[in-house]
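Data block below; observations after.
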Amino acid sequence: MKKLILVVMVLFTFEGNSQMSQTLFKNGVIFTSDSKNSFVECVVTEGNKIIYTGEVVGATKFLSHNYETIDLKGALMLPGLTDNHVHFVSGGFYLGGLDLRPAKSTKEFKQLLKDYINNKKPGEWITGGDWDHEAWEIKDLPTKEMIDEISPGNPVLIHRFDGHLALANSVALKMAGVTASTPEPAGGDIVTDKITGEPTGILKDNAIDLVSKLIPVSSKQAYTEAVELALNEAARLGVTMVHDITYSNDLSTYQKFEKEGKLTCRIYCRLPISEVRNHSVLGIESGFGSDFLKIGSLKAFSDGSLGSSTAWFFEPYEQDKSTSGLPMEIVSNDSLRQWAIEADRAGLQLSIHAIGDKANNYILNLFEEVVKVNPPRDRRFRIEHAQHVIKEDVKRFKELNVIASVQPYHLIDDGVWAHKRIGHDRLPTSYRFRDMISEGVNVCFGSDWTVAPLNPLLGIYAAVTRRTLDGKNPDGWIPDQKVSVTEAVRGYTINNAYAAFMEDRLGSIEVGKYADFTILEKNIFTIDPEEIKDAGVLYTIVDGKIVYKK
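Okay, so the sequence shown: first residue is 11 according to this note's numbering, each after it adds one.
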């Protein structure tokens with residue numbers, strides 16, 4: 011049923027995406043996100059560009075006899091909202107696939123999985139999942155024994171929602187040859203039973219590849235359907251651009267959509283840093299492509315995640331003093347350092363995942379080295395997530411012009427259980443949005459979809475209130491790090507445009523920029539902050555075209 015509804019909505023969205031020739035938007039609250047955080051009475055667009063902003067009385071000389079009026083009727087009009095970090099194609103597959111996130115107990119987890127497997131053919135791989143054991147009544151990690159009885163004829167590899175931890179059943183482990191004697195890969199962990207020494211089925215980070223490499227590649231048609239679903243979801247939620255973690259099959263599908271004029275969301279692609287040689291040899295720099303589909307940066311991982319206890323910290327984990335996390339193999343073998351220097355020299359932006367405080371420190375040190383060894387240029391380094399940062403390193407973000415590419419929704423989830431991982435004393439290092447903004451750091455916002463919901467209103471709500479999902483922090487988790495609604499909106503608009511080198515074309519409602527708008531039912535600047543997450547999208551407009559209308 012979920013898939014059917016989404017497909018119907020896709021058809022509706024694409025049917026109504028004709029470009030408006032000349033349009034007057036008025037009778038609403040229009041926030042421009044310009045340098046003065048201005049509000050204006052009206053906006054006039056022609057084709058895909060903004061030609062006037064200001065008072066209604068001044069708009070008449072810009073309008074021809076044939077123009078359309080959109081009466082906002084008090085609604086809030088914003089620059090199009092951009093998400094700084096998504097796994098877009100994975101999101102599409104998620105919308106049409108196995109969803110274990112609703113499970114609140116091991117019993118529900120098993121039942122949802124069983125129901126899904128019952129509709130699959132014997133031998134077919136069971137993937138996806140997005141389960142979260144921290145949401146269960148017993149918060150222990152699941153084991154292969156829990157799922158073997160319901161999956162005797164299918165290999166299973168289902169990921170925790172953060173993507174850094176997965177559960178394999180015995181069928182999949184046998185196919186991959188993973189046993190008690192299998193050596194752990196660098197940057198990965200095969201969790202074993204403390205008594206028997208046998209694998210429990212839990213694989214962390216690089217160890218997941220031992221099984222995932224056996225999964226057949228999805229068909230071109232499956233990729234097409236996934237992108238259709240993802241585009242529809244973005245339009246429905248008011249997202250006009252995404253900074254995507256992109257792989258080769260994703261890119262070829264995006265190119266097909268752009269060629270056919272079916273891209274209803276701009277895509278800024280971040281490709282694996284391991285492919286740096288391919289780009290540098292061809293002379294491809296950041297910005298190659300169109301304003302709808304662009305090669306943006308090269309992406310790498312320096313560590314894992316807090317939830318899977320693989321984020322890299324200076325000090326050991328609270329619940330397991332034997333580990334401080336897992337630096338990725340490319341960190342340990344120096345490949346990341348070499349690739350980063352080469353990529354920067356070739357004119358490619360660097361976007362590197364860092365969650366733990368040591369990982370963030372390591373990446374800042376690496377960026378500092380890159381600046382020293384390569385000629386000066388406008389780099390706009392990015393650290394993806396920047397979740398736990400020691401006080402001394404906050405200033406270094408500003409000094410090195412490192413963009414903090416953060417995802418606010420994570421904090422209202424992590425805030426429920428983070429103390430179990432790093433203790434109460436280290437919590438103040440978490441999600442330091444206020445400290446960074448006060449220091450002058452460019453802080454841009456997104457979701458990390460499918461790890462968190464794509465909905466930008468949830469992200470704005472999280473950044474402004476910091477109220478955790480369990481309801482136990484009504485005044486906010488680490489409340490001194492809250493931001494204002496204005497700062498949060500800028501994080502989703504102009505700051506994201508800057509992070510993509512597109513602030514001259516996108517990110518604010520100003521003359522000459524693209525007509526990308528998100529129009530909300532409620533004014534999030536004035537309503538109770540608790541209502542922000544439910545403000546609702548009325549219109550999503552991309553390149554002057556209505557791609558969603560409620």
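Where is the CB? At the ideal position from N, CA and C, for every residue including glycine. On a predicted model such as this, the values are computed, not experimentally measured, just so you know.
Boundaries of the alpha helix (DSSP H) in which residue i is found, first to last residue
{"i": "Trp427", "result": "Tyr419 to Ile432"}
{"i": "Val291", "result": "Val286 to Leu292"}
{"i": "Asn370", "result": "Asp367 to Val383"}
{"i": "Leu468", "result": "Pro466 to Thr475"}
{"i": "Ala1", "result": "Summary: the structure shown does not reach residue 1, with the chain confined to residues 11 through 560, and so no result is reported for it."}
{"i": "Ser100", "result": "Phe98 to Leu105"}
{"i": "Arg406", "result": "Lys401 to Glu409"}
{"i": "Arg444", "result": "Phe443 to Ser448"}
Element boundaries [beta strand (DSSP E), containing residue i]
{"i": "Gly64", "result": "Lys59 to Gly64"}
{"i": "Asp215", "result": "Pro209 to Asp215"}
{"i": "Arg392", "result": "Arg392 to His395"}
{"i": "Val54", "result": "Cys52 to Glu56"}
{"i": "Leu167", "result": "Val166 to Arg170"}
{"i": "Phe455", "result": "Val453 to Phe455"}
{"i": "Ile200", "result": "Gly198 to Thr202"}
Backbone secondary structure at residue i - three-state DSSP
{"i": "Ala176", "result": "strand"}
{"i": "Val39", "result": "strand"}
{"i": "Asn10", "result": "Beyond the ends of the chain as shown, which are 11 and 560, falls residue 10; an answer cannot be given."}
{"i": "Met87", "result": "strand"}
{"i": "Ala414", "result": "strand"}
{"i": "Lys13", "result": "The pLDDT assigned to Lys13 is 41, lower than 50, so where the model puts this residue is not dependable; a value taken from the coordinates is nonetheless given after this. If DSSP states are grouped into helix, strand and coil, Lys13 belongs with the helices."}
{"i": "Val341", "result": "helix"}
{"i": "Glu118", "result": "helix"}
{"i": "Lys559", "result": "strand"}
{"i": "Ala364", "result": "strand"}
{"i": "Leu34", "result": "strand"}
{"i": "Phe323", "result": "coil"}
{"i": "Gln359", "result": "strand"}
{"i": "Trp459", "result": "strand"}
{"i": "Leu346", "result": "helix"}
{"i": "Ser222", "result": "helix"}
{"i": "Val18", "result": "Residue confidence is low: Val18 scores 35 on pLDDT, short of 50, so the model does not pin down where it sits. Its coordinate-derived value is still stated next. Correct three-state label for Val18: helix."}
{"i": "Asp93", "result": "strand"}
{"i": "Val495", "result": "helix"}
{"i": "Glu25", "result": "At Glu25 the pLDDT is 40, less than 50, meaning the model places this residue with poor confidence and gives no usable figure here."}
{"i": "Val67", "result": "helix"}
{"i": "Val552", "result": "strand"}
{"i": "Asp81", "result": "strand"}
{"i": "Asp480", "result": "coil"}
Minimum C-alpha distance to residue i - residue among the options
{"i": "Pro350", "options": "Arg389, Ser318 and Ser334", "result": "In the sequence on display, residue 350 carries Ala and not Pro. That would be Arg389, whose Cα lies nearest to the Cα of Ala350."}
{"i": "Gly425", "options": "Phe455, Val404, Asp480 and Ala414", "result": "Asp480"}
{"i": "Ala6", "options": "Lys36, Thr63, Ala69 and Thr92", "result": "In the structure as shown, the chain starts at 11 and stops at 560, and residue 6 therefore has no counterpart that could be examined."}
{"i": "Val381", "options": "Leu410, Leu464, His429 and Ser494", "result": "Leu410"}
{"i": "Leu308", "options": "Glu134, Glu268, Gly317 and Pro282", "result": "Pro282"}
{"i": "Glu285", "options": "Tyr257, Glu268, Arg276 and Ser518", "result": "Tyr257"}
{"i": "Ser222", "options": "Gly173, Ser262, Thr206 and Trp146", "result": "Gly173"}
{"i": "Ile305", "options": "Thr333, Thr274, Lys331 and Asp260", "result": "Asp260"}
{"i": "Tyr524", "options": "Ile160, Tyr104, Arg276 and Gly107", "result": "Arg276"}
{"i": "Glu352", "options": "Glu147, Val291, Ser48 and Phe171", "result": "Val291"}
{"i": "Asp526", "options": "Gly554, Val547 and Ile294", "result": "Gly554"}
{"i": "Gln231", "options": "Ser518, Val99 and Ile60", "result": "Val99"}
{"i": "Ser448", "options": "Glu270, Leu151, Leu303 and Lys401", "result": "Lys401"}
{"i": "Trp303", "options": "Asn58, Tyr502 and Ser262", "result": "What sits at residue 303 in the sequence shown is Leu, not Trp. Measuring from the Cα of Leu303, the nearest candidate turns out to be Ser262."}
{"i": "His434", "options": "Tyr327, Glu540, Lys368 and Leu151", "result": "Tyr327"}
{"i": "Asp344", "options": "Lys36, Leu376, Lys559 and Leu151", "result": "Leu376"}
Distance between beta carbons of residue j and residue i, contact taken as under 8 Å
{"i": "Ala178", "j": "Leu213", "result": "6 Å"}
{"i": "Thr33", "j": "Thr55", "result": "5 Å"}
{"i": "Asn94", "j": "Gly314", "result": "That pair is no contact at about 20 Å."}
{"i": "Gly357", "j": "Ser296", "result": "6 Å"}
{"i": "Met251", "j": "Leu516", "result": "7 Å"}
{"i": "Glu531", "j": "Ala545", "result": "6 Å"}
{"i": "Cys454", "j": "Ser494", "result": "At roughly 16 Å, the Cβ-Cβ gap does not stay under 8 Å, so Cys454 and Ser494 are not in contact."}
{"i": "Arg392", "j": "Gln417", "result": "Actually they do not touch by this definition, with Cβ atoms about 13 Å apart."}
{"i": "Thr460", "j": "Tyr104", "result": "5 Å"}
{"i": "Ile488", "j": "Pro438", "result": "6 Å"}
CB contact check: residue i to chain D, cutoff 8 Å
{"i": "Leu220", "result": "Structure shown: chain D not included; a single protein chain is present."}
Contained beta strand (DSSP E) runs [length at least 3] in the region 511-550, N- to C-terminal order:
527-530
*Can you list the alpha helix (DSSP H) stretches of 4 or more residues lying completely in the region 224-309, in chain order?*
230-246, 258-269 and 286-292
- Item | Whole alpha helix (DSSP H) elements within the region 120-154, 4-residue minimum | Within the region 120-154, no complete alpha helix (DSSP H) run reaches 4 residues.
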